[in-house]
Amino acid sequence: MPRRTKPDAIALIKEDHRKVEKLFASFEKARDEDRKKALARQICTELTIHAMVEEEIFYPACQGSIEDEDVLDEAYVEHDGAKVLISEIMSNINARFFEAKVTVLSEMIKHHVKEEEKRSEGLLAQAKAAGLDLDELAARLTARKDELTRQFAHGHLPPAHTRSYTGHNLIQDKPLSAPAG
Ligand SMILES: [Fe+2]
Numbered sequence: 000m001p002r003r004t005k006p007d008a009i010a011l012i013k014e015d016h017r018k019v020e021k022l023f024a025s026f027e028k029a030r031d032e033d034r035k036k037a038l039a040r041q042i043c044t045e046l047t048i049h050a051m052v053e054e055e056i057f058y059p060a061c062q063g064s065i066e067d068e069d070v071l072d073e074a075y076v077e078h079d080g081a082k083v084l085i086s087e088i089m090s091n092i093n094a095r096f097f098e099a100k101v102t103v104l105s106e107m108i109k110h111h112v113k114e115e116e117k118r119s120e121g122l123l124a125q126a127k128a129a130g131l132d133l134d135e136l137a138a139r140l141t142a143r144k145d146e147l148t149r150q151f152a153h154g155h156l157p158p159a160h161t162r163s164y165t166g167h168n169l170i171q172d173k174p175l176s177a178p179a180g
């Protein structure tokens, strides 16, 4: 049987998913505060790059080709939700709620990954069924990922672009204390 030398686009996306799952598991186990912060920064950087290459290359290739585009819309909304938490984590790494934000981000990503990898109706399965050129997409994903990895190596992430969120009108506030008496 001929051995594939290069992973296709679907294999690459799945590799990224497995990598970030491992990082979240390490975060959960970590006890040292500095280690937790370093892991959180690494998670946020990996996810930012992953979301960017999907949104720039993979999702546009799926648009107009896959059978059920609702999953694509949901993927954009899930990404935008994750971007808000990523931005929160990166700018408030020493604040209260830091750990809770990473934990909730991990739950959101778990859900998103499960949806993308679902048998037959998931985005990856649909991309395969649509006959997209997965080798050509893999080459583009890899090139862009390498470029972004170099760009973000210093740990500074630029503000993310939302693709579906447009209605932010929020007031920053704090948890309330129980009423006296
Ligand atoms: Fe995604």
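Residue numbers for the sequence shown follow numbering that gives the first Met the number 0, beginning at 0 and rising by one. A virtual CB, placed ideally from N, CA and C, is assigned to each residue, including glycine. Quick caveat: nothing in here was measured; it's all calculated off a predicted structure.
> Looking at the unbroken alpha helix (DSSP H) that takes in R139, where does it start and where does it end?
Replying inline: R139: member of the alpha helix (DSSP H) spanning L133 to Q150, first to last residue.
>> Between which two residues does the alpha helix (DSSP H) holding A128 run?
In response: In this chain, the alpha helix (DSSP H) harbouring A128 covers L122 to A128.
>> Am I right that G121 and V70 are in contact with their C-beta atoms under 8 Å? What's the rounded C-beta distance?
In response: Contact flag correct, Cβ pair sits at about 7 Å.
>> Nearer than 6 Å: is that true of the beta carbon of E20 relative to any heavy atom of ligand 1?
In response: Checking the Cβ of E20 against ligand 1 gives no.
> What residue does the alpha helix (DSSP H) around E87 start on, and which one ends it?
Replying inline: Its alpha helix (DSSP H) spans residues D69 to S90.
> Would you say E53 reaches chain C, if we count a Cβ-Cβ gap shorter than 7 Å as a contact?
Replying inline: Of the protein chains in the structure, only one exists, and it is not chain C.
>> How far does the alpha helix (DSSP H) with E54 in it extend, from its first residue to its last?
In response: That residue, E54, is in no alpha helix (DSSP H); it is neither H nor E in DSSP.
> Assuming L38 and S25 make a contact with CB atoms under 8 Å, what is their CB distance in whole Å?
Replying inline: So it is a contact: roughly 6 Å between Cβ atoms.
> Any heavy atom of ligand 1 within a distance shorter than 6 Å of the CB on E114?
Replying inline: For ligand 1, not one heavy atom lies less than 6 Å from the Cβ of E114.
> If we call anything under 7 Å between Cβ atoms a contact, is A8 one with L136?
Replying inline: A8 is a Cβ neighbour of L136, given a cutoff of 7 Å.
> Which word fits D15, buried or exposed, when buried means at least 16 other C-beta atoms lie within 10 angstroms of its C-beta?
Replying inline: Looking at its Cβ environment, which holds 16 or more other Cβ atoms inside 10 Å, D15 is buried.
> Counting pairs of beta carbons, one from the stretch 137-154 and one from the stretch 72-85, are three or more of them closer than 8 Å?
Replying inline: No, the stretch 137-154 does not touch the stretch 72-85.
> Cβ atoms of V83 and L140: under 7 Å apart, would you say?
Replying inline: The criterion of a C-beta distance shorter than 7 Å is not satisfied by L140 and V83.
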